[in-house]
Amino acid sequence: MQIQLYLSAEEQSHFAISPQDIQSDNATPLSSNWKALWRCEHLISTDDQLEHLFLFTNAVTLYSLIMVDRGNDLASLLGSFQQHFKLALHEHGSPFKANNIEVNVQLLNGSPLPLIEHMSFLSDLAVEQLLANNADIEATEERLNNIESLSLPISASDAMHQRLQPAKSINTGTTIVPFISQAAAR
12 MQIQLYLSAE EQSHFAISPQ DIQSDNATPL SSNWKALWRC EHLISTDDQL EHLFLFTNAV
72 TLYSLIMVDR GNDLASLLGS FQQHFKLALH EHGSPFKANN IEVNVQLLNG SPLPLIEHMS
132 FLSDLAVEQL LANNADIEAT EERLNNIESL SLPISASDAM HQRLQPAKSI NTGTTIVPFI
192 SQAAAR
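Residue numbers are given in this note's numbering: position 34 of the sequence shown equals residue 45, and the series is strictly consecutive.
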């Protein structure tokens with residue numbers, strides 16, 4: 012499975028990623044697989060800058076995972092993301108064994124504005140929830156992914172759907188967890 016991961020300029024700088032190691036989303040066809048397109052955003056760091064929290068959000072479902080980075084190691088962070096992603100697929104009824112999935116990550120840069128706007132809201136909510144839950148990442152992820160508990164109705168953006176190939180391959184307006192369960196059952 013190919014994961015396409017947007018990294019903002021801040022994350023590119025944080026991990027010292029050279030421009031030749033990242034591709035423009037305008038020059039790269041985006042996957043039609045709803046599981047493939049994600050964006051990574053920095054949430055918060057410790058005062059000593061030794062630990063960092065990053066929010067990974069799926070561009071189609073807005074399903075979010077929080078990852079911890081220690082030591083500015085992108086490979087380690089991506090490895091953690093892949094393991095958590097596989098586990099999330101399995102927990103939400105994916106018909107395949109999570110440990111049998113081969114995941115490759117393609118780094119992207121670009122400005123998918125609707126996704127960035129949603130992630131700005133989710134990032135603020137994540138930091139608020141981390142503070143309220145004594146830095147409990149699991150409780151914070153549950154809050155982020157429980158769309159019914161949010162007063163803001165969030166669905167996948169029409170602009171992102173227009174970028175996906177083939178056209179009309181994704182059902183817009185579907186909430187996060189039910190979408191994952193339905194898609195996994197297909």
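Beta carbons: idealized from backbone N, C-alpha and C, even for Gly. In this text, all values refer to a predicted model and were calculated from it rather than measured experimentally.
In terms of alpha-carbon separation, which member of the options lies closest to residue i?
| i | options | result |
| --- | --- | --- |
| His53 | Asn37, Asp80, Leu119 | Asp80 |
| Gln34 | Ser19, Lys46, His25 | Ser19 |
| Met130 | Arg50, Leu141, Leu89, Leu119 | Arg50 |
| Ala70 | Ser43, His101, Ala146, Leu141 | Ser43 |
| Ala47 | Tyr74, Glu153, Ser134 | Tyr74 |
| Glu102 | Asp36, Leu41, Glu153, Leu141 | Glu153 |
| Trp45 | Met12, Asp32, Phe65, Leu98 | Met12 |
| Leu64 | Glu22, Leu41, Asn120, Asp32 | Glu22 |
| Phe67 | Asn120, Leu61, Met78 | Met78 |
Quick check on residue i: buried or exposed, where buried means 16 or more other Cβ atoms within 10 Å of its Cβ?
| i | result |
| --- | --- |
| Pro164 | With a pLDDT of only 38 at Pro164, under the threshold of 50, the placement of this residue in the model should not be trusted; the figure read from the coordinates follows. Exposed, because fewer than 16 other Cβ atoms sit within 10 Å of the Cβ of Pro164. |
| Leu100 | buried |
| Ser134 | buried |
| Pro40 | exposed |
| Leu124 | exposed |
| Thr151 | buried |
| Leu61 | exposed |
If we ignore side chains and look at the alpha-carbon of each, how far apart do residue i and residue j end up?
| i | j | result |
| --- | --- | --- |
| Gln93 | Val114 | 7 Å |
| Tyr17 | Val138 | 21 Å |
| Asn156 | Asp59 | 30 Å |
| Gly90 | Phe96 | 10 Å |
| Ile14 | Thr72 | 14 Å |
| Val116 | Leu142 | 31 Å |
| Asp36 | Ile127 | 14 Å |
| Leu119 | Ser24 | 14 Å |
| Leu136 | Asn145 | 14 Å |
| Leu98 | Asp32 | 27 Å |
### Query
Between the segment 82 to 93 and the segment 24 to 39, are three or more C-beta pairs nearer than 8 Å?
yes
#### Entry: 4 or more residues per run - each alpha helix (DSSP H) lying fully within the segment 15 to 72
20 to 25
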